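The block underneath contains the structure these notes are about, expressed in structure tokens.
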Amino acid sequence: MTHAPSPRNRSLRLDDADRDRLAPLLAGAAILGGGTDPIAWPEAEDRVIQGDCLAVLPRLPRASFDLLVADPPYNLAKDFGAERGRRMDDEAYEAYTGAWLDAALPLLKPDASVYVFGDWRGSSALYRALSRRLVVRNKIVWEREKGRAAAANWKSAHEEIWFATTSETWRFDTAAVRQRRLVRAPYRDEAGRPKDWVEDEAGRYRDTAASNIWTDLTVPYWSMPENTPHPTQKPEKLLAKLLLASVAPGGRILDPFLGSGTSAVVAKKLGRRFVGVELDAEHCLHALRRLELAGTEPRIQGYEDGVFWERNSSPRRGPTR
Ligand SMILES: C[S@@+](CC[C@H](N)C(=O)[O-])C[C@H]1O[C@@H](n2cnc3c(N)ncnc32)[C@H](O)[C@@H]1O
1 MTHAPSPRNR SLRLDDADRD RLAPLLAGAA ILGGGTDPIA WPEAEDRVIQ GDCLAVLPRL
61 PRASFDLLVA DPPYNLAKDF GAERGRRMDD EAYEAYTGAW LDAALPLLKP DASVYVFGDW
121 RGSSALYRAL SRRLVVRNKI VWEREKGRAA AANWKSAHEE IWFATTSETW RFDTAAVRQR
181 RLVRAPYRDE AGRPKDWVED EAGRYRDTAA SNIWTDLTVP YWSMPENTPH PTQKPEKLLA
241 KLLLASVAPG GRILDPFLGS GTSAVVAKKL GRRFVGVELD AEHCLHALRR LELAGTEPRI
301 QGYEDGVFWE RNSSPRRGPT R
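For the record, in the sequence shown the residue sitting at position 246 is 246 according to our numbering, with numbers rising by one throughout.
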């Protein structure tokens, strides 16, 4: 028996009309992704290219990107459609990471930044591969709410993002990624004025510098319009932090493992440019549909009025207590 989707289910679904409209775009991308000729500007600009990044990246213009954001298959046995992940030993995962990094790094500008996603298992291999090629600056840990309980272990509830730069010069806009925190202990000075916090219709809060522990994210799920069938889709809010901190408006982002298109969608919403490469045709179609929708819906859930709000709070909802 099949169940009708709940009326509150706002996940993205492609219908026949979407496929008819988007398939020619994807065919164009497949041609871009399929040959061996160089792909120049402006042909490459804001493109979703279907193909294997190891084959596509060497064809893209060199020294052109301000940011590499890479969410490769984690070192797990997982089915991504066109690509079936298998668990490698740490040395093999480090070599795999080195191979795609070596294809991507020549495309970066001399003052570019790099973010690479992973989980705790792949952490040491990612660190070794990155530190051999780049200056590693930090590791962000973000709380991933979803996750199976473990029978005889701590439930895994976080993922990681390594932050590195190509040189000693890089962009970092702290003011653009301020975190709005609700004030639980509203201290006042002797005159009764709020100490380092404000109060308005949104509640009592302070805007703080973003740290390397992120607890304000929600992994896309069925009631969120950004949700697609992709098995490891990242939240738009997460990508918004990376892009706002590390790429100026108009700057260019490279994503060699585009998946459902989150980095490209966020780039479009925030006025940055992008090139994304993805192996699986179905994921590319979802990315293209999300890019269409981003033209009319520029909002990013959880990022409003230029600040990142705590989970389940916003100017419209007010704070949750
Ligand atoms: C972890 S997912 C990325 C999810 C993405 N950040 C999102 O928000 O949807 C990794 C993606 O890399 C793709 N992939 C794996 N190997 C690839 C390759 N060699 N070239 C291009 N894409 C690849 C997979 O199909 C999968 O969609």
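Beta carbons are placed, not taken as given, at the ideal position from N, Cα and C, and that holds for glycine. Values in this document were obtained by computation on a predicted structure and should not be read as measured data.
Cutoff 6 Å; reference residue i; Cβ partners in own chain excluding five residues on either side
i, result
"G306", "none"
"E226", "P220 and E236"
"R321", "Only weak support exists for where R321 lies, its pLDDT of 39 falling under 50; the coordinates are left without a value."
"L130", "V136, W162 and A164"
"A149", "K155"
"S113", "L67, T165, W170 and S246"
"Q179", "T208, A210 and F308"
Contacting residues, own chain, Cβ-Cβ under 8 Å from residue i (five flanking each side not counted)
i, result
"R10", "W222, S223, M224, P225 and N227"
"R132", "G98"
Cβ-heavy atom distance, residue i to ligand 1, below 7 Å
i, result
"G259", "yes"
"D119", "no"
"K234", "yes"
"E330", "In the structure as shown, the chain begins at 1 and stops at 321. Residue 330 is therefore absent and cannot be evaluated."
"L14", "no"
"L285", "no"
"L32", "no"
"H158", "no"
Neighbourhood of residue i by C-beta, 7 Å cutoff - its chain only, sequence neighbours within 5 removed
i, result
"D46", "R273 and F274"
"I300", "E236, K237, A240, V266 and K269"
"S123", "E160"
"R128", "E94"
"A29", "R47, V48, I49, Q50 and C284"
Opposing strand residues paired with residue i [DSSP bridges]
i, result
"F65", "L108"
"A70", "V116"
"F172", "In the DSSP output, where bridge partners are listed per residue, F172 has none listed."
"A164", "V114 and V136"
"D207", "R180"
"Q50", "E278"
C-beta neighbour in chain C for residue i, strict 8 Å
i, result
"A99", "Among the chains of the structure shown, chain C does not appear; only one protein chain is present."
- Task: Tell me, please, whether the region 285-294 touches the region 257-266 by the rule of three or more beta-carbon pairs shorter than 8 Å.
- Result: Contact between the region 285-294 and the region 257-266 is present: three or more C-beta pairs spanning the two stretches fall below 8 Å.
Closer than 8 Å is the cut-off here; do at least three beta carbon pairs connect the region 36-46 with the region 58-66?
yes
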